[in-house]
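Converting from the sequence shown to the numbering used here requires adding 1 to each position, the first position being numbered 1.
Glycine residues also receive a C-beta, built at the ideal position from the N, C-alpha and C atoms.
Single-structure report; data block below.
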Amino acid sequence: MKVCKFGGSSVADAAQIRKVIEIIRADDDRRIVVVSAPGKRFKGDDKVTDLLIDCAVRALEGGDISPAVNRVVQRYEEIRDELRLDVSLAEMLKTELRRRLARSRDEGLNREQFIDSIKAIGEEFSARFCAAAFRVAGCDAVYVDPCEAGMLLSEQYGAAQLLPESYELLEKNIAPRKELVIFPGFFGYTKSGEIATFSRGGSDITGAILAAALHAESYENFTDVDAVYPVDPRLCPEVVGAGIGIREMTYAEMRELAYAGFAVFHDEAVLPAIHAKIPINIRNTNHPEQPGTFVVPVRKTIPGRVNGIASSMGFSTLYVEKWLMNREVGFVAQLLQILAEAGVPIEMMPAGVDSVTVVFRNDALPENRRAAVLETINERLHPNTAVFSSGLAFVVVVGEGMRTAVGTCARVVTTLSKAGVNLQMINQGSSEISIMFGVSESDIKPAVQALYQEFFVHE
Ligand code: ASP
């Protein structure tokens with residue numbers, strides 16, 4: 002049995018949903034369908050999730066919600082009309098959206114709970130509409146609600162995590178179903194019965210969880226590329242159409258690449274598949290004949306071969322220096338304690354004898370809160386220097402083949418220096434399958450382009 006997840010572009014309109022139906026019909030093993038909310042139909046279009054966030058924010062600010070609500074409803078009405086679905090479905094959506102929008106005032110939900118309850122509408126009705134479309138096409142399909150199925154999540158609204166007991170519940174409630182199951186991605190329920198969503202792009206996580214819970218033979222993740230590009234096409238447009246796609250990568254490579262900016266697959270979605278050892282196959286809804294990219298536990302590697310180059314912007318650093326830091330037991334622990342008290346998740350921490358740099362995402366500690374953190378550091382730790390800076394980006398070179406070859410790092414550094422890119426930081430993970438280079442945000446494009454030429458065009 003296979004679990005198939007279709008992203009926003011795959012369910013953006015009626016024509017795309019027809020392709021989804023064909024894909025599912027082409028293989029009897031495809032028994033579970035997870036869908037995102039309708040995404041962009043063309044450049045400049047809106048994703049339904051963004052429209053819903055707009056509705057929620059307007060409602061919270063006491064503004065006029067009608068135009069925003071109408072834009073959401075219109076997207077679904079177009080799908081309904083083209084696929085000749087039941088008229089009442091769009092009425093149900095309108096009523097449910099308005100009911101939930103009224104809840105912030107009536108039931109005192111906090112901001113994040115409220116926004117999650119509105120965001121989830123996108124996936125819920127995408128799944129309800131798709132289930133109806135499958136039925137019109139003659140398939141015995143049923144919408145399954147995450148609450149009834151047991152998709153229990155933590156109360157981290159907007160970035161929830163699965164509660165481990167869900168696996169058993171999901172298996173018990175979904176496995177016996179004979180119909181084709183259409184399941185909404187992105188959200189579940191807390192133990193107190195509130196809707197909670199994963200972080201953005203989280204329908205990938207739903208699909209991986211169901212694949213693991215149901216011991217699927219594979220998790221097919223349908224999106225809009227023939228194979229995962231080895232570099233970000235926004236930074237390196239020439240990769241599109243160059244026929245250079247990643248055919249196979251390991252879970253570890255995928256995790257490194259997804260973490261560092263590969264938008265094609267959510268980095269947290271790899272974990273359920275890893276635990277259950279389920280291969281992931283990333284494929285194109287528009288070209289289902291293409292084999293796509295396989296993400297597997299192990300693969301044969303060519304020594305020195307780089308499999309992908311990821312890049313990510315929006316990082317800041319906290320540089321702390323103190324003479325004899327290495328002799329002061331607990332110094333770094335206290336520094337991390339201060340950051341933990343400020344609620345800052347740490348991304349990485351390169352260190353020297355008397356200095357340490359803590360890297361975090363800009364939005365984890367906005368500029369206006371940094372002075373207070375510095376004050377606490379100076380009071381408790383008395384460093385020589387403690388300073389924040391922003392504008393850091395990372396280029397991450399990933400490949401299992403780097404483990405068994407000498408010289409890849411030298412090749413990367415030479416390439417970057419020829420491209421005039423100044424390296425602010427270098428960090429090789431102990432797994433040896435990735436090397437991260439900290440560069441200034443303005444250098445990210447020349448850096449990625451130079452590495453693409455070196456490792457994929459001239460290779
Ligand atoms: N619709 C959600 C988003 O846009 C979740 C997803 O598509 O995976 O983030």
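Using a 10 Å radius around the Cβ and a threshold of 16 neighbouring Cβ atoms, would you call N303 buried or exposed?
Going by the sequence as given, residue 303 is Ile instead of Asn. Exposed: under 16 other Cβ atoms inside 10 Å.
Contact check, F130 vs L181 under 8 Å by CB: the rounded distance?
Rounded, the Cβ-Cβ distance is 15 Å, inconsistent with contact.
Would you grab the beta carbon distance between T286 and V21 for me? Rounded to a whole angstrom, and I think it's under 8 Å.
Confirmed, about 7 Å.
If I measure Cβ to Cβ from G400 and keep anything under 6 Å in the same chain, skipping five residues before and after, which residues do I get?
R306, V307, N308.
Looking at the unbroken beta strand (DSSP E) that takes in C5, where does it start and where does it end?
Where C5 is concerned, the enclosing beta strand (DSSP E) stretches over 3-7.
Cβ-heavy atom distance between G8 and the ligand FMN below 7 Å?
Among the ligands present in this structure, namely the ligand ASP, the ligand FMN is not found.
Quick check: the Cα distance between D47 and G109, rounded to an integer number of angstroms?
Their Cα atoms are separated by approximately 29 Å.
Would you tell me roughly how many angstroms separate the C-alpha atoms of S89 and E113, rounded to the nearest one?
Distance between the alpha carbons of S89 and E113: 30 Å.
Could you check if Q75 is buried or exposed, using at least 16 other CB atoms within 10 Å of its CB as the buried criterion?
The residue is exposed, with fewer than 16 neighbouring Cβ atoms inside 10 Å.
Using only CA atoms, which one of E455, S11, I283, Q450 lies nearest to R248?
With distances taken between Cα atoms, R248 lies closest to I283.
What is the DSSP secondary structure of G400, reduced to helix, strand or coil?
G400 falls in the coil class under three-state DSSP.
Within 10 angstroms of its Cβ, does T318 collect 16 or more other Cβ (buried), or is it exposed?
Buried is the call here.
Compute every distance between the C-beta of F130 and the non-hydrogen atoms of the ligand ASP, then say whether any falls below 7 Å.
Outside the cutoff, so no.
Tell me the DSSP secondary structure of G439 in three-state form.
DSSP places G439 in strand when its eight states are reduced to three.
Please give the ranges of any alpha helix (DSSP H) in the segment 139-203, keeping only runs that are unbroken, at least 4 residues long and fully inside the region.
Runs of the alpha helix (DSSP H) inside the segment 139-203: 147-150, 167-175.
Does the separation of the CB atoms of F187 and G208 fall below 8 Å?
Result no, Cβ atoms of F187 and G208 do not sit closer than 8 Å.
If you pair each beta-carbon of the segment 25-37 with each one of the segment 65-74, do three or more pairs fall below 8 Å?
Touching, no, given that fewer than three Cβ pairs across the two stretches are closer than 8 Å.
Within the chosen definition, does the segment 161-171 reach the segment 124-142 through at least 3 CB pairs nearer than 8 Å?
Verdict: no, contact absent.
Counting only C-beta atoms, is V74 closer than 8 Å to chain D at any point?
Of the chains in the structure shown, none is chain D; there is only one protein chain.
Is the segment 336-354 in contact with the segment 450-459, if contact means three or more CB pairs nearer than 8 Å?
The segment 336-354 is not in contact with the segment 450-459.
Counting beta carbon pairs with one atom in the segment 49-62 and one in the segment 326-333, are three or more of them shorter than 8 Å?
No contact exists between the segment 326-333 and the segment 49-62.
Out of curiosity, what's the CA-to-CA distance linking I122 and H288?
Answer to the nearest angstrom: the Cα atoms are 29 Å apart.
With respect to 7 Å, is the separation between the Cβ of F187 and the closest non-hydrogen atom of the ligand ASP below this value?
It does: the Cβ of F187 is within 7 Å (strictly closer) of some heavy atom of the ligand ASP.
For T286, is the beta carbon positioned less than 7 Å from some heavy atom of the ligand ASP?
Answer for T286: no, Cβ out of range of the ligand ASP.
Leaving out five residues before and five after T386 in sequence, what residues of the same chain have Cβ atoms less than 6 Å from its Cβ?
Excluding residues within five positions, the ones whose Cβ falls inside 6 Å are E322.
Give the straight-line distance between the Cα atoms of G421 and M93, rounded to the nearest whole angstrom.
The alpha-carbon atoms of G421 and M93 are separated by roughly 58 Å.
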